[in-house]
Amino acid sequence: MPVVPHWIAGATTGGAGRRTGDVYDPATGEVTKRVAFAEPSDVDAAVAAAKAAAPGWRDTSLARRTQILFAFRELLNASRDELAAIITAEHGKVLSDAAGEIARGQEVVEFACGIPHLLKGGFSENASTKIDVYSIRQPLGVVGIISPFNFPAMVPMWFFPIAIATGNTVVLKPSEKDPSAANFIAGLWKRAGLPDGVFNVVHGDKVAVDGLLDHPDVKSISFVGSTPIARYVYERGTAAGKRVQALGGAKNHMLVLPDADLDLAADAAVNAGFGSAGERCMAISALVAVEPVADELIAKIKERVATLRTGDGRRGCDMGPLVTGQHRDKVRSYVDAGEEAGAELVIDGRGVQPDVQDGVEAADGFWLGPTLFDKVSTDMSIYTDEIFGPVLSVVRVASYEEGLHLINSNAYGNGTAIFTNDGGAARRFQNEVEVGMIGINVPVPVPVAYYSFGGWKNSLFGDSHAHGTEGVHFFTRGKVVTGRWLDPSHGGLNLGFPQNA
Ligand code: NAD
Numbered sequence: 141m142p143v144v145p146h147w148i149a150g151a152t153t154g155g156a157g158r159r160t161g162d163v164y165d166p167a168t169g170e171v172t173k174r175v176a177f178a179e180p181s182d183v184d185a186a187v188a189a190a191k192a193a194a195p196g197w198r199d200t201s202l203a204r205r206t207q208i209l210f211a212f213r214e215l216l217n218a219s220r221d222e223l224a225a226i227i228t229a230e231h232g233k234v235l236s237d238a239a240g241e242i243a244r245g246q247e248v249v250e251f252a253c254g255i256p257h258l259l260k261g262g263f264s265e266n267a268s269t270k271i272d273v274y275s276i277r278q279p280l281g282v283v284g285i286i287s288p289f290n291f292p293a294m295v296p297m298w299f300f301p302i303a304i305a306t307g308n309t310v311v312l313k314p315s316e317k318d319p320s321a322a323n324f325i326a327g328l329w330k331r332a333g334l335p336d337g338v339f340n341v342v343h344g345d346k347v348a349v350d351g352l353l354d355h356p357d358v359k360s361i362s363f364v365g366s367t368p369i370a371r372y373v374y375e376r377g378t379a380a381g382k383r384v385q386a387l388g389g390a391k392n393h394m395l396v397l398p399d400a401d402l403d404l405a406a407d408a409a410v411n412a413g414f415g416s417a418g419e420r421c422m423a424i425s426a427l428v429a430v431e432p433v434a435d436e437l438i439a440k441i442k443e444r445v446a447t448l449r450t451g452d453g454r455r456g457c458d459m460g461p462l463v464t465g466q467h468r469d470k471v472r473s474y475v476d477a478g479e480e481a482g483a484e485l486v487i488d489g490r491g492v493q494p495d496v497q498d499g500v501e502a503a504d505g506f507w508l509g510p511t512l513f514d515k516v517s518t519d520m521s522i523y524t525d526e527i528f529g530p531v532l533s534v535v536r537v538a539s540y541e542e543g544l545h546l547i548n549s550n551a552y553g554n555g556t557a558i559f560t561n562d563g564g565a566a567r568r569f570q571n572e573v574e575v576g577m578i579g580i581n582v583p584v585p586v587p588v589a590y591y592s593f594g595g596w597k598n599s600l601f602g603d604s605h606a607h608g609t610e611g612v613h614f615f616t617r618g619k620v621v622t623g624r625w626l627d628p629s630h631g632g633l634n635l636g637f638p639q640n641a
């Protein structure tokens, strides 16, 4: 059985640890490989490699850094199909979706290619008589990135292109469920000419995460994952004196007003509810229908779901399996709970017949078909909890105000969407809703790379969102220089506080 190794100082290494984790092909249910689990000494080795590479990399010219970023962008673009196949084989999402996440990650690489412009500081000539003041932004040093299973390429790429472009060195701890994309990306960096040690990967579990959180040479942590772990990472990382941005879970609502185009809204609900089997932090899981639209909207969703093919992501299906058997069982248990609580089960994905390759034993894949509940109330666990699977809950409300209140009462605040043809209502919603990312007739409003990605409330711990100018700010520290070149006016003793004149 192959073992996915760590990547430290430009080379693979099995590390000191004996522990490994299973990596599955979710469409067959088979363990296809194992992944090395780091021990603290492996984390130390990765951080030491990153620390050793830091002085040289931070002093590498912006021109050279940019050339390497452009080379990486070209290699990534040319390898998209190969990387998508690696992702699908371990995550299960369909190939087109895997290619889509790479494309969105690549946008951040392209944003980072403009780093010379983004790093320009300010300069004030003659701020005081014959004194100039200017600001510069410098890298932090070694930065840690900890990522979730659902976007093994895109989420790390929210961070490392900017971290590297701004002169930092990186230790990435990807999800142990789909670890191979990170190693593939490390190989692309090497081919692009990135010096060894600037980008390192350690695999593993809590031991690796805690190793990064506690390590005195790691200056910042960028985390994405579930809310309990995000809170833990934020608290432990900041207690150790680090800068931390920790993005957590979500429960995203889509508000459909009575004047909305219901065909557009039904398409959007299906795409955003069941795309990537609902394993997206920006998935829609609560469909808030302002009456009287619910019956018609549900009928349109049913029509569309009937045309969907769930199956092996390599076979052109619409929806793949869930990531592991354990996760599939957890999501199924929510469907059971919703039924028991009295919600109306309109579409039951538990008996889905998957489309798989001839001869493959379909029964062992981690399947669960699209599932739709109606008449969901806010005390049911299918409404209160992040399910992270293909389960969409319709909550019927009487007015815009009631829908808004529901969204603003939720503990999460990652993404939300409104569907309406009323510009005034949309404008009011964007102003009043307490959520970080808003879609207006757009169901999955993931910001483009030059804006920043991040939620509010329990969806983000810390002050900085990912990428965009907030990303540049997160990965750099400000410095202000006040300078005077000696001239005859300079001299004499004055013990008073410096004053400008
Ligand atoms: P997870 O929290 O289980 O794992 C995330 C990372 O933390 C992984 O690298 C994992 O190895 C590590 N980890 C897990 N348990 C740990 C522990 N006890 N101590 C220390 N580290 C630990 O999340 P997941 O299941 O991989 O990903 C799905 C979650 O991520 C969902 O909640 C989803 O909403 C969230 N997510 C959020 C965003 C966002 O932008 N807000 C984006 C993608 C995913």
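Position in the sequence shown counted from 1, then plus 140, gives you the working numbering. By construction, the Cβ of each residue, glycine as well, lies at the ideal position given by its N, Cα and C atoms.
Of the heavy atoms belonging to the ligand NAD, none sits nearer than 8 Å to the Cβ of V471.
Following the DSSP letters along the chain, one finds Y274 inside the beta strand (DSSP E) bounded by residues I271 to P279. For L485, the enclosing beta strand (DSSP E) begins and ends at E484 to I487. Judged by DSSP in its simplified three-state form, R159 adopts coil rather than helix or strand.
The closest heavy atom of the ligand NAD lies less than 8 Å from the beta carbon of R420. In this structure, I438 keeps its C-beta atom at 9 Å or more from the C-beta atom of A426. Out of V584, Y591, V582 and G576, the CA that lies nearest to the CA of K597 is found in G576.
Contact annotation, I271 with G623: C-beta distance approximately 7 Å; criterion of less than 8 Å satisfied.
If you ignore the 5 residues before and after R204, its C-beta comes within less than 6 Å of no other C-beta in its own chain.
For S521 against A477, the beta-carbon gap comes to about 5 Å, under 8 Å, which counts as contact. Excluding its 5 nearest sequence neighbours in each direction, A194 has C-beta neighbours in its own chain below 7 Å: G281, V282 and T309, listed in chain order. DSSP links R536 through a beta bridge to A429. Bounds of the beta strand (DSSP E) holding H146 are H146 to I148. Within the DSSP secondary-structure output, E170 pairs in a beta bridge with D165. Cβ atoms of K382 and S366 stay farther apart than 8 Å, at about 20 Å. In the DSSP assignment, T309 falls within the beta strand (DSSP E) that extends over T309 to K313. According to the DSSP assignment, F291 belongs to no alpha helix (DSSP H), since it is labelled neither H nor E. A distance below 9 Å separates the beta carbons of G453 and K233.
Between I527 and H393, the beta carbon gap of about 14 Å keeps them out of contact (Cβ cut-off 8 Å). Secondary structure at M520: coil, using DSSP grouped into helix, strand and coil. In its chain, beyond the 5 residues on either side, D272 have a beta carbon closer than 8 Å to the beta carbon of E265.
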